[in-house]
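Count along the sequence shown from 1, add 102, and you get the number used in our numbering.
Glycine included, C-beta positions come from ideal geometry on N, C-alpha and C.
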Amino acid sequence: MIELIILTILVALAFDFMNGFHDSANAISTVVATRVLTPMQAVSMAAVGNLIGPLFFSTAIAATIGKGIIDTKVIQTILPQETFVIMILAALIGAIVWDILTWYFGIPVSSSHALIGGLIGAALVAVGPSVLLYDGIGRVLAFIVISPVLGFVSAFLMALLVMRLLRNSAPDKVNDWFKKLQLISAFFYSVTHGTNDAQKTMGIITILLIAGGYLTQFEIPLWVILACHVAISLGTWLGGWRIVKTMAHKITELKPYQGFCAETAGGVVLVQMAAMGIPVSTTHAIAGAIMGVGSTKSPKSVRWGLSRNIVMAWIITIPFSAIVAAGVYWVLKLFF
Numbered sequence: 103m104i105e106l107i108i109l110t111i112l113v114a115l116a117f118d119f120m121n122g123f124h125d126s127a128n129a130i131s132t133v134v135a136t137r138v139l140t141p142m143q144a145v146s147m148a149a150v151g152n153l154i155g156p157l158f159f160s161t162a163i164a165a166t167i168g169k170g171i172i173d174t175k176v177i178q179t180i181l182p183q184e185t186f187v188i189m190i191l192a193a194l195i196g197a198i199v200w201d202i203l204t205w206y207f208g209i210p211v212s213s214s215h216a217l218i219g220g221l222i223g224a225a226l227v228a229v230g231p232s233v234l235l236y237d238g239i240g241r242v243l244a245f246i247v248i249s250p251v252l253g254f255v256s257a258f259l260m261a262l263l264v265m266r267l268l269r270n271s272a273p274d275k276v277n278d279w280f281k282k283l284q285l286i287s288a289f290f291y292s293v294t295h296g297t298n299d300a301q302k303t304m305g306i307i308t309i310l311l312i313a314g315g316y317l318t319q320f321e322i323p324l325w326v327i328l329a330c331h332v333a334i335s336l337g338t339w340l341g342g343w344r345i346v347k348t349m350a351h352k353i354t355e356l357k358p359y360q361g362f363c364a365e366t367a368g369g370v371v372l373v374q375m376a377a378m379g380i381p382v383s384t385t386h387a388i389a390g391a392i393m394g395v396g397s398t399k400s401p402k403s404v405r406w407g408l409s410r411n412i413v414m415a416w417i418i419t420i421p422f423s424a425i426v427a428a429g430v431y432w433v434l435k436l437f438f
């Protein structure tokens, strides 16, 4: 049994690594698009930001993932210990498969929602719909819409305010100011990105430790916090360049002040969600913010056809991951 738990923890950290690799575009896309930093400089900065995230924020999102999507206490009373761990392993694999597939095609989707879909699919086939916590799932589904809208509106308004205040300033001077300010906003977004995304894996590992009898209540050990942030930071440092290209250059063309507004607005949204314990998508928040600042020039400045395809991918993330996780669960049951 201990071997299976260790294997599942390693797969959880592999998912966290893939999360950073896949979502590195979230943290660096705007600062790369405006050429304030080179891609390697940007991912190095983002990796540091991801690593120090737990120093500033709570672990409320980890608790939501660990006990707010499926009723892990009830599941553990119904399923044998080994079967429960297999269910978690299947959920992780379902999320990883979706991440790899979307990375290959350069589609910026939510690793967080992929994990939630995996948990739902694996729990459905292992136990049934009675263990799904519909309030928690409903909040996640609602914020698939709310978080990009918040990112869009706040970035749009911030960019308009900047344009209004600096309308009489020389463009070259404005660019110089915001190239410096973007270093701050990009780092801020990296910290909030790491805080938001690494917490999902913390929640998964913690419930595995509870299932194995190593913890008696949901308290995240320090080594779990550090391991998750190291894993996501390493993934970010290596960078998912296919998605960086989509986020940095294909949605809209950005100037430094727009990059600053998008990063700041997206980071503020993530801070609010982290405080509320709502596992939103960092991808959704920054993509909405990029579309928002792009729209200040004119609606035609945003490539809405590509944006529509990205949104469609967001919609199918949870059901696709759930289906894969359900299939993986049945396959794993043949071997364990």
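Is it a yes or a no for the segment 390 to 402 touching the segment 214 to 222, going by three-plus beta-carbon pairs under 8 Å?
no
Leaving out five residues before and five after N298 in sequence, what residues of the same chain have Cβ atoms less than 6 Å from its Cβ?
As a working mapping, residue 298 is identified with position 196 in the sequence shown. Excluding positions up to five away in sequence, the list reads L372, A376, T384.
Name the DSSP bridge partner or partners of L234?
Within the sequence shown, numbered from 1, the residue matching residue 234 stands at position 132. For L234, which the question treats as bridged, DSSP gives the partners I172.
Proximity winner among I198, V145, P401, L194, relative to T132 (alpha-carbon distances):
Translated into the one-based positions of the sequence shown, residue 132 becomes position 30. Of the listed residues, the one whose Cα sits closest to T132 is V145.
Straight-line gap, A216 to I111 (C-alpha atoms, nearest Å)
Sequence index remark: in the sequence shown, residue 216 carries index 114 (1-based). Sequence index remark: in the sequence shown, residue 111 carries index 9 (1-based). Taking the straight line from one Cα to the other gives about 17 Å.
contact_flag[the segment 238 to 255, the segment 163 to 182] where n(CB pairs < 8 Å) is 3 or more:
Put simply, the segment 238 to 255 touches the segment 163 to 182. At least three CB pairs are less than 8 Å apart.
To the nearest angstrom, how far is the alpha carbon of A428 from that of K281?
Indexing the sequence shown from 1 puts residue 428 at position 326. Indexing the sequence shown from 1 puts residue 281 at position 179. Each residue's Cα considered, the two are about 47 Å apart.
For G369, the first and last residue of its enclosing alpha helix (DSSP H)
Counting from one through the sequence shown, the residue named residue 369 turns up at place 267. Segment 358 to 378, the alpha helix (DSSP H) holding G369.
Distance cutoff 9 Å, beta carbons only. Does T110 sit that close to anything in chain B?
Absence of chain B from the displayed structure is noted, only one protein chain being present.
Alpha helix (DSSP H) runs wholly inside the segment 105 to 165, at least 4 long, in chain order
141 to 154
P401: which of F254, V433, Y206, I202 sits nearest, CA to CA?
For this step, residue 401 is matched to residue 299 along the sequence shown. With distances taken between Cα atoms, P401 lies closest to F254.
Using the Cα positions of M414 and M147, report the straight-line distance between them to the nearest angstrom.
Position 312 of the sequence shown holds residue 414. Position 45 of the sequence shown holds residue 147. Cα-Cα distance, rounded: 31 Å.
With DSSP as the reference, label S212 as helix, strand or coil.
As a position in the sequence shown, residue 212 is number 110, starting the count at 1. Three-state result, S212: coil.
Between the Cα of L356 and those of P250, F207, L106, F258, spot the shortest distance and give me the residue it belongs to.
Within the sequence shown, residue 356 is the residue found at index 254, counting from 1. The candidate whose alpha carbon is nearest that of L356 is F258.
Roughly how many angstroms separate the alpha carbons of I198 and A261, rounded to a whole number?
Residue mapping note: residue 198 aligns to position 96 of the sequence shown, counting from 1. Residue mapping note: residue 261 aligns to position 159 of the sequence shown, counting from 1. Cα to Cα, I198 sits roughly 36 Å from A261.
Delimiting residues of the alpha helix (DSSP H) encompassing Y316
Here residue 316 refers to the residue found at position 214 when the sequence shown is read from its first residue. Y316 -> no alpha helix (DSSP H), and no H or E assigned at all.
Between I190 and A224, what straight-line distance do the alpha-carbon atoms span, to the nearest angstrom?
Within the sequence shown, numbered from 1, the residue matching residue 190 stands at position 88. Within the sequence shown, numbered from 1, the residue matching residue 224 stands at position 122. Cα-Cα distance, rounded: 7 Å.
Do I202 and M103 have their C-beta atoms within less than 9 Å of each other?
In the sequence shown, the residue the question calls residue 202 occupies position 100. In the sequence shown, the residue the question calls residue 103 occupies position 1. The answer is no: Cβ separation not under 9 Å.
Inside the segment 235 to 297 only - alpha helix (DSSP H) runs reaching at least 4 residues
As far as the segment 235 to 297 is concerned, its whole alpha helix (DSSP H) runs of at least 4 residues are 236 to 267.
Span of the alpha helix (DSSP H) holding T384?
Here the question's residue 384 lines up with position 282 in the sequence shown. Where T384 is concerned, the enclosing alpha helix (DSSP H) stretches over 384 to 397.
What's the C-alpha gap between Y316 and L283?
By 1-based counting over the sequence shown, the position of residue 316 is 214. By 1-based counting over the sequence shown, the position of residue 283 is 181. Between Y316 and L283, the C-alpha separation is close to 46 Å.
Cβ pair F438, I188 closer than 9 Å:
As a working mapping, residue 438 is identified with position 336 in the sequence shown. As a working mapping, residue 188 is identified with position 86 in the sequence shown. Cβ atoms of F438 and I188: closer than 9 Å.
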